[in-house]
Amino acid sequence: MTELEADVVALMMKRVVDMAGTLGKTVKVELNGEKVAVKSFSDYVQLYIDSASKEGIKLPRIYQKVNDRWEVCVSLSEGQFQQVSFVNGIATIKGGTHVDYVASQIASHVMGVVNKKNKQANMKLHIVKGYLWVFVNALIDNPAFDSQTKETLTTRQGSFGSTCELPEDFLKKVSSSGVVDSLLSWAEFKLSKELKKTDGTKKTSIVGIPKLEDANDAGGKNSDQCTLILTEGDSAKALAMAGIGVVGRDHYGVFPLRGKLLNVREASHKQLMENAEIQNIKKILGLQHEKKYDSTKGLRYGHLMIMTDQDHDGSHIKGLLINFIHKEWPSLLKVPSFLVEFITPIIKATKGKTVRPFYSMPDYEAWKESLGASASSWTIKYYKGLGTSTAEEGRDYFEQISLHKKDFVWADDKDGEAIELAFSKKKITERKDWLTNYQPGTCLDQREKRIKYSDFINKELILFSMADLERSIPSMVDGFKPGQRKILFCSFKKNLVKESKVAQFIGYVSEHSAYHHGEQSLASTIVGMAQDFVGSNNINLLEPRGQFGTRNAGGKDAASARYIFTRLNPITRLIFPKDDDVLLNYLNEDGQSIEPSWYMPIIPMVLVNGSEGIGTGWSTYVPNYNPRDIIANLKRLLNGETIVPMVPWYRGFKGSLKETSTKATGVTYTITGVIEEVADTKLKITELPVRRWTTDYKEFLESMCPIPIKEKEKSKDKNKEKKKEKDKDKDKEKEKSKEPPLLEEIRSQCDHADVEFELILTEQNMNIAKQEGLEKKFKLTTTIGTTNMHLFDSHGKIKKYDNPEDVLQEFFDLRFKFYIKRKKVMLENMGQELLKYQNKVRFILAVTSGEIIVNNRKRADLFQELQKKNYTPFPKKKPTSGPVAVGSTEADEDNDESPAEAAASDYEYLLAMSIGTLTMEKVKELIAQQNKVEADLEILRNTEPKTLWLRDLDALEKELDVLDAKLEAEQNDRSRKRAKNSEKARDPKPATKKQPKKATAKSQKVRSDDDVDYKGDILKPAAQKKKPPPKKASAPVKDEVKDEEDEVAELKDRLAAYNIHSDNSPEPSAMETEEHQEGKKGRNGPSKRGAAKKAMSSLAEISDEDIAEPHHESEDGGSSMEVEKKTKGRKPAAEKPKTTIRKRAPTQSKGMRQKVMEEIFKPTDDSTLSAPSPEKKVRRIRDSPFNKKSGSVLHRMASSSTGTEDAEAPPSGSSAETVVPRRTTRERKAAVVYVASESEDDESEDEDVSEPSDDDDFSEDD
């Protein structure tokens, strides 16, 4: 080897240059006697960059000396990560942990910037690193390498001996170097590549697209002549299909759209890929992503026709389709006649066989005005949607398709700017200016056959944007959005003072207010107007009758509209006086008068109930304010005083509200709930911030409790199934960082209206919570403000109000003008009423005196005489709510009259008076009424408009007092019950075990089939230890009105209905329970059941003749056989003697009851022991624990009264009372009642059972 190879020499030279670059200025480096020009690491990096830079394009060099041990420089790469690194002067050509340490910091920052600029990019670290070229010069303590060649550093980061934290300004320089743009371009390319997978192609047939009716020639050689009709829904498709029958299927295809198309300008990549409508349109038309089209030869269809309803939503659908094509294939919009629209009439005027269509309301109004009175001879039909047209009309449309088809044309770049203005998020400010400059009456000229895209945006689509704003932003005047205003209008029109089912009221509103949206939206609006829980309305204009939602779920727990009822709140008419109705400007739609442009309440309801919404360009939030504060400020303004600033207020809210910041744009308030420390380890929350709902908050509290082990395992299993392997590390980190449970236990005493949570903590956690602040720790604060109070003013312009006082002042000025108008109208009406009384008096006097003869005269002659005598005509007034629609019934009826008849009807108030009113008595009555009206008129003339307003405000305040008193009573009642329940929970008493009672009875309520309320005492044994003592039912209550004979018959029928053999057995019913005897009272007085014990007192004595005659009929004509038929399945235990019921005279009822009582308390006879006892004749009967020797009471009664069936009962006080032996103390105890019970639970059915007294010792005889 005589010389070194060139590569070896080059390597040695590189090592010398490496040494110069890494050592820097501290060491002088020479090569072959020449000093190396590299003086620093930055100069060294520049050598690489200069060699890699292309012609005219220089790569950036971003250098940073972090500290004495670290130098970093960054440049750009072209999709593959590059690095040049040194460790202690050693070239690590394969990098290592030191390079990863630096590159990860840079890549993480750049990735965040890219993902922020393009949320669809979903950038990853390894992709970002591919666009970085990193240079590192580091000094590492005791470096370790992967091999003796020392190409890769393996030392862990923690053992470097130093750190390299890259400063923020360095990272920002890297982000602005061009790497971000490169990554964004790569992201766009990737998304574009994925979208290309969904491209369409030009082919003759496609399958798999539901509801597509493809043209026969689509995708063929005549495809440029084919038209695809995109319709608004299936009903519009049906109309198009009817029309295609005229023009043929060769060149026309139909595809229905499901609702509104996606706004692709702001859609994510995922949304575009998953949107079926967009993918289907691409396939049907054969569109390819990012392809530029100069013509339609490469498409399956040469024309795209939009066929939607002629309303605002139809215009929005057109705009979204235009936006879709402009965003993806802007060149297509410049192709002549590619995009067209199909229009249908809004109105059709018919007269005989002549039909005149109108495609815009201004055209119709101009035509109607030109005809004048003759317009009433035309029949008008409104076509709100394509579904209104019939199939025959659809065929007519397509027969004259040139009249209904309009081409969109691209005039200049202003067209594209207009489309972006309407749909781009970047044009928010410009869009607000666009809507602010809107002029009412703006519309597209439908006579034009070619429509510029800019004209469509500025003259048609802007109407949708304004309508969307009106649906989202309320009016400053009445605080309503259109749907709410329609509901109130129909409530007044229907006079909704009686409750109506919400589902039915929805139909009424739709019919009478031209409501064209979904019923569910209207239902939710009605529910919202009736809600009265905390955080909803301060004054609900409708009353909730049913479940209209609670604060538990913020009203989302309301029942379905078919279950709930509503009506007008009485306070509503005080806020919206009826006298103002004639002053309002009522709108007209579909030929019918509907709600006014706004109502004129006596207080600004937008401040009372607040509002929030999001519309096109604007959003709004108005807090609720106290109506009393508003009334007080209005009175101050009426008296010329200064307004007092108001703060938000929510009815029923028990927390605090504090002003936290004040700016020129508005005030911000902090709302805080109520939490208190009731013990060392116990907290109580009794109020939540406004609009923080109970159920959601409970879930938040539960998240602070320890999770049971079983639930934890279940959740882990689910997570393993759902999450991928790469997310496991993140889950572990989250688990480690998760705070330990704060709460030990939660006890909830919340109901539909109030909040009460008891929280149990450890002492340590209590201290932690107190240090952080209880309100903050438990998220009991929210903020509201007046910084976004956008409202429509009285002129229909959107306006921002900085504070509620500005709203109040503007409202005051407008409302005061209306009181002036109201007084004027009231004076006119009272003057007309006075004049009418004067004419009536004059007319009656003229008729009675013979001056005017009414009988046997023609109407025309009488009319002329009234005119000559200067009687005042009063024309019939049309409804003040608005004009009658052309072609309606009212218009036709009015126009059917001749001019003479129409004038004669002006005197109907005189001619329609009955003969009975043509008397002097009627004259005196009319004069009295006339004098009253004159007095009222004089009072009104002297009354200032200010006084009228003050009277209305005073009346409203009185009604608010009533409302507050009602709510306070309800709150007190709930608080009292809650306190009672809490006291029971703190001091629980052990349940008293009920002992079998020797002398207790319950009153059992028995209802007959005819709903006659009878109550009586039924016998029921408590156990089978002893036979029950003979007892009889108690006497009826004092206020018994029913005749006793009817009482006995009805009792028999009812006992038979309950399978009780009243005709042949003393057997108790299996449906009766133990009741109290009359006179026995529970702890809180007599039981509910014992209050009406009257049925069993009418039972008569049992006769021996009944036993001998088993089929004997009772006195009311009933047969025992009928009763036996009702007891199928029940097998009698023995032959059952028949029981007859005899009549008792009303005057002898007391004696009958006395005899029954005597027989009950008669001493037991051993001869009765052989009689079968009642417990052997019933199912599942329980033995009595006492009186085993007593035998059957009823059997003993039957034996003693043999042969006396028809005998009258002795009157009260007869000798029958003296023959009864004195009973022992035990025998005087209350009787037990026998019942055949189907369930063991019957014993505890009545909670009013009295407690046993001290004398009731049932164990003494045992």
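For the sequence shown, the working numbering assigns the number 895 to the initial residue and increments by one for each residue that follows.
Just so you know, even glycine gets a beta-carbon here, dropped at the ideal spot from N, CA and C.
Open item on the list: Rounded to whole angstroms, what is the Cα-Cα separation between Q1732 and L1739?
Closed with: By 1-based counting over the sequence shown, the position of residue 1732 is 838. By 1-based counting over the sequence shown, the position of residue 1739 is 845. About 11 Å.
Task: For G1560, the first and last residue of its enclosing beta strand (DSSP E) - done: As a first step, residue 1560 is located in the sequence shown; it is residue number 666 there, counting from the start. Per DSSP, G1560 belongs to the beta strand (DSSP E) from 1560-1566.
TODO: Kindly indicate which residue of Y1277, K1278, R1250 has the alpha-carbon position closest to the one of A1269.
DONE: If you number the sequence shown from 1, residue 1269 lands on position 375. Measuring from the Cα of A1269, the nearest candidate turns out to be R1250.
Open item on the list: Considering only the alpha carbon of each residue, which of L1047, A1038, K1011 lies closest to V978?
Closed with: Residue numbering aside, residue 978 sits at position 84 when the sequence shown is read from its first letter. Out of L1047, A1038, K1011, L1047 has the C-alpha closest to the C-alpha of V978.
Task: Separation of T1680 from E1862, as counted between CA atoms - done: Here residue 1862 is taken as the residue at index 968 of the sequence shown, counted from 1. Here residue 1680 is taken as the residue at index 786 of the sequence shown, counted from 1. About 29 Å.
Open item on the list: By the DSSP assignment, the alpha helix (DSSP H) with F1358 in it spans what residues?
Closed with: Against the sequence shown, residue 1358 aligns to sequence position 464. Unbroken alpha helix (DSSP H) run through F1358: 1356-1366.
Open item on the list: To the nearest angstrom, how far is the alpha carbon of L1857 from that of R1461?
Closed with: The residue given as residue 1857 occupies position 963 in the sequence shown. The residue given as residue 1461 occupies position 567 in the sequence shown. Taking the straight line from one Cα to the other gives about 16 Å.
- [ ] Could you tell me whether the segment 1089-1099 touches the segment 1250-1263, using the rule of 3 or more Cβ pairs below 8 Å?
- [x] no
- [ ] Just the C-alpha distance for D912 and S1069, rounded to the nearest angstrom, thanks.
- [x] Locating residue 912 in the sequence shown gives position 18, where the first residue counts as 1. Locating residue 1069 in the sequence shown gives position 175, where the first residue counts as 1. Roughly 28 Å separates the two Cα atoms.
Open item on the list: Across the segment 1364-1377 and the segment 1679-1697, are there enough close Cβ pairs to call them in contact, namely three or more that are closer than 8 Å?
Closed with: yes
- [ ] State the beta-bridge partners of A1573 as determined by DSSP.
- [x] Sequence index remark: in the sequence shown, residue 1573 carries index 679 (1-based). In DSSP, A1573 forms a bridge with K1576.
Open item on the list: Short of 8 Å in beta carbon distance, which residues of its chain neighbour R1439, apart from the five on each side in sequence? Order them along the chain.
Closed with: Residue 1439 sits at position 545 when you count from the first residue of the sequence shown. Cβ neighbours of R1439 beyond the five flanking positions: E1393, I1458, F1459, T1460, R1461.
Task: 7 Å Cβ cutoff met for M1199 and I1123 - done: As a working mapping, residue 1199 is identified with position 305 in the sequence shown. As a working mapping, residue 1123 is identified with position 229 in the sequence shown. Yes, Cβ-Cβ distance for M1199 and I1123 is below 7 Å.
Open item on the list: Please classify H1411 as buried or exposed, where buried requires at least 16 other C-beta atoms within 10 Å of its C-beta.
Closed with: Start at 1 with the first residue of the sequence shown, and residue 1411 comes out as number 517. H1411 should be labelled exposed.
Task: Beta-carbon spacing of M1370, V1500 below 7 Å - done: Translated into positions along the sequence shown, residue 1370 becomes position 476. Translated into positions along the sequence shown, residue 1500 becomes position 606. In this structure, M1370 sits near V1500, with a CB-CB distance shorter than 7 Å.
Task: Inter-residue Cα distance where the pair is S1002 and D1075 - done: Taking the sequence shown and counting its residues from 1, the one referred to as residue 1002 is at position 108. Taking the sequence shown and counting its residues from 1, the one referred to as residue 1075 is at position 181. In a straight line, the C-alpha of S1002 is about 16 Å away from that of D1075.
Task: Within 7 Å, strictly: CB atoms of I1216 and L1226 - done: Working through the sequence shown from its first residue, we reach residue 1216 at position 322. Working through the sequence shown from its first residue, we reach residue 1226 at position 332. Cβ atoms of I1216 and L1226: not closer than 7 Å.
- [ ] Assign K1932 to one of two classes, buried (16 or more other C-beta atoms within 10 Å of its C-beta) or exposed (fewer than that).
- [x] On the sequence shown, position 1038 is the one that residue 1932 refers to. Confidence at K1932 is low in this model, with a pLDDT of 39, below 50, so the placement of that residue is unreliable and no value is reported for it.
TODO: Closer than 8 Å by C-beta to S934: which residues in its own chain qualify, once you throw out the five before and the five after it? Chain order, please.
DONE: Residue mapping note: residue 934 aligns to position 40 of the sequence shown, counting from 1. Annotation for S934: G915, G918, K919 place their beta carbon closer than 8 Å to its own, counting only its chain and skipping 5 residues before and after.
- [ ] Starting from T1510, follow its DSSP beta bridges and name the residues at the other end.
- [x] For the purposes of this step, residue 1510 is taken as residue 616 along the sequence shown, with counting starting at 1. None; T1510 has no bridge partner.
Task: Distance, K1557 Cα to E1669 Cα - done: Your numbering for residue 1669 matches position 775 in the sequence shown. Your numbering for residue 1557 matches position 663 in the sequence shown. Their Cα atoms are separated by approximately 25 Å.
Open item on the list: If contact is defined by three or more beta carbon pairs under 8 Å, each pair taking one atom from either stretch, is the segment 1867-1878 in contact with the segment 1470-1479?
Closed with: no
TODO: Using a threshold of 7 Å, state whether the C-beta atoms of A1316 and L1355 are closer than that.
DONE: For the purposes of this step, residue 1316 is taken as the residue at position 422 of the sequence shown. For the purposes of this step, residue 1355 is taken as the residue at position 461 of the sequence shown. Cβ distance < 7 Å, so A1316 and L1355 count as in contact.
Open item on the list: Threshold first: 4 residues or longer. Then list the alpha helix (DSSP H) segments lying entirely within the segment 1432-1489, N to C.
Closed with: 1466-1469
- [ ] Would you mind stating whether F1427 and R1456 have Cβ atoms separated by less than 7 Å?
- [x] On the sequence shown, residue 1427 is found 533 positions in, with the first residue counted as 1. On the sequence shown, residue 1456 is found 562 positions in, with the first residue counted as 1. No, Cβ-Cβ distance for F1427 and R1456 is not below 7 Å.
Open item on the list: Quick check on this structure: which residue in L1357, M1167, F1149 has the alpha carbon closest to the alpha carbon of Y1210?
Closed with: Working through the sequence shown from its first residue, we reach residue 1210 at position 316. Inspection of the sequence shows that residue 1210 is occupied by His rather than by Tyr. Of the listed residues, the one whose Cα sits closest to H1210 is L1357.
TODO: Can you grab the Cα-Cα spacing for the pair H1298 / I951, in whole Å?
DONE: As a first step, residue 1298 must be located in the sequence shown, where it is residue number 404. As a first step, residue 951 must be located in the sequence shown, where it is residue number 57. Each residue's Cα considered, the two are about 57 Å apart.
- [ ] Within its chain, find whatever has a CB closer than 8 Å to the CB of L1078; leave out the 5 residues flanking it on each side and keep chain order.
- [x] Within the sequence shown, numbered from 1, the residue matching residue 1078 stands at position 184. Sequence-distant partners of L1078 (beyond 5 residues in either direction) whose C-beta falls short of 8 Å from its own C-beta, in its chain, are V1008, K1011, N1012, A1015.
TODO: Return the Cβ separation of L1468 and L1728 in integer angstroms, given the expectation that the two are a contact with Cβ distance under 8 Å.
DONE: Within the sequence shown, the letter at position 574 stands for residue 1468. Within the sequence shown, the letter at position 834 stands for residue 1728. The pair is not a contact, with the Cβ atoms about 28 Å apart (cut-off 8 Å).
Open item on the list: My output table needs one value for N1036: the three-state DSSP class, helix, strand or coil.
Closed with: For the purposes of this step, residue 1036 is identified with residue 142 of the sequence shown, where counting begins at 1. Coil, per DSSP.
Open item on the list: On a Cα-Cα basis, can you pick out the residue from V1391, P1634, P1239 that is closest to R1341?
Closed with: For the purposes of this step, residue 1341 is taken as the residue at position 447 of the sequence shown. Nearest option by C-alpha distance: P1239.
Open item on the list: Less than 7 Å between the C-beta atoms of T1564 and T1580, yes or no?
Closed with: Mapped onto the sequence shown, residue 1564 falls at position 670. Mapped onto the sequence shown, residue 1580 falls at position 686. Contact: no.
Task: Residues near I1433 by beta carbon distance below 7 Å, same chain, minus five either side - done: The residue labelled residue 1433 in the question sits at position 539 within the sequence shown. Closer than 7 Å at Cβ, skipping near neighbours: I1465, V1502, N1503, P1521.
- [ ] Kindly indicate which residue of N1527, V1516, Q1333 has the alpha-carbon position closest to the one of P1542.
- [x] By one-based count along the sequence shown, residue 1542 stands at place 648. It is V1516 whose Cα lies nearest to the Cα of P1542.
Task: Given 8 Å, three or more beta-carbon pairs between the segment 1025-1041 and the segment 964-978 - done: The segment 1025-1041, when compared against the segment 964-978, does touch it at the 8 Å Cβ threshold.
Task: Closest by C-alpha distance to H1197, when choosing among N1749, S1231, S1385 - done: Here residue 1197 refers to the residue found at position 303 of the sequence shown. Taking only the C-alpha atoms, the option nearest H1197 is S1231.
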